[in-house]
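Reading through the C-alpha cells given below for one structure.
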Amino acid sequence: MENNPKPYLDTPFKQDVYKGLSDFPKHLSSKYLYDANGDKIFQAIMNLPEYYLTNSEFSILQENKEEICTLFAENTPAFNLIELGAGDAKKTKILLAHLNSINANFKYLPIDLSENALKQLESSLAEDFPNIHVAPKCGSYIDALETVAFSKNNKNIILFLGSNIGNMLISQAISFLKKIKRLMHKNDILFLGCDLKKDPQLILNAYSDTSGITASFNKNILKRINTELQGNFNVESFMHWEAYDPESGTAKSYLVSQKPQQVTIAAINLKVHFKAWETIHTEISQKYDHEMIQQLSEEAGLKIVSKFGDKQDYFQNYLLIK
Ligand code: AVJ
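Take 1030 as the starting number for the sequence shown in the working numbering and just add one per residue.
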C-alpha cells in the first residue's frame, strides 16, 4: 500500500467532499443528502403537490397489489423481500399489508444508507406489522446486498422503488443492474420503479417546488459539511437550481454561488473558492421511456416479465428476471 498523503481523509464522505469540491466543475454526491435532517426534508418532498412520483407509484402498487404479490409468492414455499433504499417504506407497506393478508411466508430485509431512517422504519413496522420478520441492514446498495443472505432455496425479491435508480447515470444504472443480476438466482425477481418522461414543466416543477422544500433539501448537503466537517458555508448565499433536458430525460440539481466567496472546510484541510455563479452539481434524477427501460434491461442481461403503469403514464414498475 502506498502511504496516504492526506491522512485526514479517513472516511468516504471526507474523500468525496475533498475530491468533488477540488474538481472543476464542482460536484457532490446525492447520497450525502440523507442525514437525519435530509431524511425529514425528503419525507416533506414526498408530500409536496408538485412531487407526483410518490402518488403515482403509490397508486400503481395499490391497484396491482394482488397481481404483484401473487407473482412474488408463486413457486416458492417462502421468500426474502429485500428493499434497496427503503426509507420510510410508505409504498412498500401496501405490499407488506397485502402479503400479510394472504398469509405469505416471507422475511423483509430493508437496506438503507441512513441508520436513522432504518431505526424509525423498524419501530413503525413493529407497530404496524408485529408478525412480519424484519432484518434491516445499513449500508450502500451493493455492499449491503452482498452481505444479505441470498437464499438459494427460497426466492429473493429485490425491490428498487421510487425511481431511486434515477440517481444514477444510465451507464451507471446498467453496471448496477449487472451487479444485481450476478447476485440473483434463477427464480429471483427485481421489482423496479422508474419515473417516465412527461411534460417537461411537470418534471421541472417536481424538483423546484414553490415552497422551497427541495431547495432546502439540496442545501442540506452544505449544512452537513458545516456540522460534520467543520465547514463555514454561508448556505444562504447559494441558490438551488434545477435543469431538465427533455431529450436525454436527465434532471440535474445544482447549488449556485450567488457571489464570489471563499469557504473553509477545516476537517479536510480545504479552502474552496467560488466565482460568482459557479455551480456545484449535486444530483441527477433520470427519466425514462419504455424503450430506454427495455434497452437498459437488455444491456444488463435482465428480462422484463411484467410492467405496471398508472393512468397518467407518469411512472412505471417493472418485474425483471435473470
Ligand atoms: C429519492 C432519488 C427518487 O430524484 O426524485 C427528490 C430524490 N431529490 N427531490 C428523486 C429527490 C429532489 C428522489 N429520489
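Built from N, CA and C at the ideal position, the CB exists for glycine as well.
Here residue 1035 is exposed: its Cβ has fewer than 16 other Cβ atoms, across all protein chains shown, within 10 Å. Taking every residue with its beta carbon within less than 6 Å of a heavy atom belonging to ligand 1 gives, in chain order, 1074, 1082, 1191, 1192, 1193, 1195, 1196, 1236, 1243, 1246, 1312, 1314. By the 16-neighbour rule on beta-carbons within 10 angstroms, residue 1234 is buried. Residue 1260 is bridged by DSSP to 1294. A direct Cα-Cα distance of roughly 13 Å separates residue 1254 from residue 1048. Judged by DSSP in its simplified three-state form, residue 1287 adopts coil rather than helix or strand.
By the criterion of a C-beta distance shorter than 7 Å, residue 1297 is surrounded in its chain by 1037, 1038, 1043, 1046, 1047, 1258, once the five residues flanking it on both sides are discounted. Within the same chain, 1203, 1206, 1207, 1210 come within 7 Å of residue 1329 by CB-CB distance, once the 5 residues on both sides are set aside. Residue nearest to residue 1189 within the set 1058, 1236, 1141 is 1141 (criterion: CA-CA distance). In the structure shown, residue 1121 adopts helical secondary structure according to DSSP, grouped into three states. Residue 1098 is not bridged by DSSP to any residue. The alpha-carbon of residue 1316 is positioned some 11 Å away from that of residue 1222.
Beta-bridge pairing by DSSP links residue 1315 to 1279. With contacts defined by Cβ atoms closer than 8 Å, residue 1085 and residue 1339 form a contacting pair. Counting the other Cβ atoms within 10 Å of the Cβ of residue 1064 gives 16 or more, which makes it buried. The three-state reading of DSSP puts residue 1336 in strand, counting E and B together.
Residue 1163 sits away from residue 1174, with the two beta carbons spaced by 8 Å or more. Excluding residues up to 5 positions away in sequence, 1087, 1090, 1091, 1094 lie with their Cβ nearer than 8 Å to the Cβ of residue 1123 in the same chain. Look at the beta carbons and you see the segment 1109-1119 touching the segment 1067-1083: at least three pairs across the two are nearer than 8 Å.
Residue 1308 places its beta carbon 8 Å or farther from that of residue 1273. Note that the C-beta distance between residue 1134 and residue 1184 is not below 8 Å. The beta carbon of residue 1335 sits closer than 6 Å to the beta carbons of 1348 from its chain, once the five residues preceding and following it are set aside; these are given in chain order. Residue 1132 is positioned such that its CB atom lies no closer than 8 Å to that of residue 1161.
Taking a C-beta distance under 8 Å as the contact criterion, residue 1171 and residue 1220 do not qualify as a contact pair. Counting along the chain, residue 1067 sits inside no beta strand (DSSP E); it lies in the alpha helix (DSSP H) bounded by residues 1065-1075. Note: residue 1219 is bridge-paired with 1187, 1349 in the DSSP secondary-structure output. Check the Cα spacing between residue 1313 and each of 1199, 1351, 1212: the tightest is with 1199.
DSSP places residue 1170 in the uninterrupted alpha helix (DSSP H) bounded by 1170-1176.
At a Cβ-Cβ threshold of 8 Å, residue 1323 and residue 1225 do not count as neighbours.
Each residue's CA atom was taken as its position, placing residue 1102 and residue 1137 some 13 Å apart. Distance from residue 1074 to residue 1080 at the Cβ level is roughly 5 Å; contact confirmed, criterion being Cβ atoms closer than 8 Å. Judged by their CB atoms, residue 1054 and residue 1310 are nearer to each other than the 8 Å cut-off. About 6 Å separates the Cβ atoms of residue 1292 and residue 1260, confirming a contact at the 8 Å cut-off. Judged by DSSP secondary structure, residue 1144 falls within the alpha helix (DSSP H) whose first and last residues are 1144-1157.
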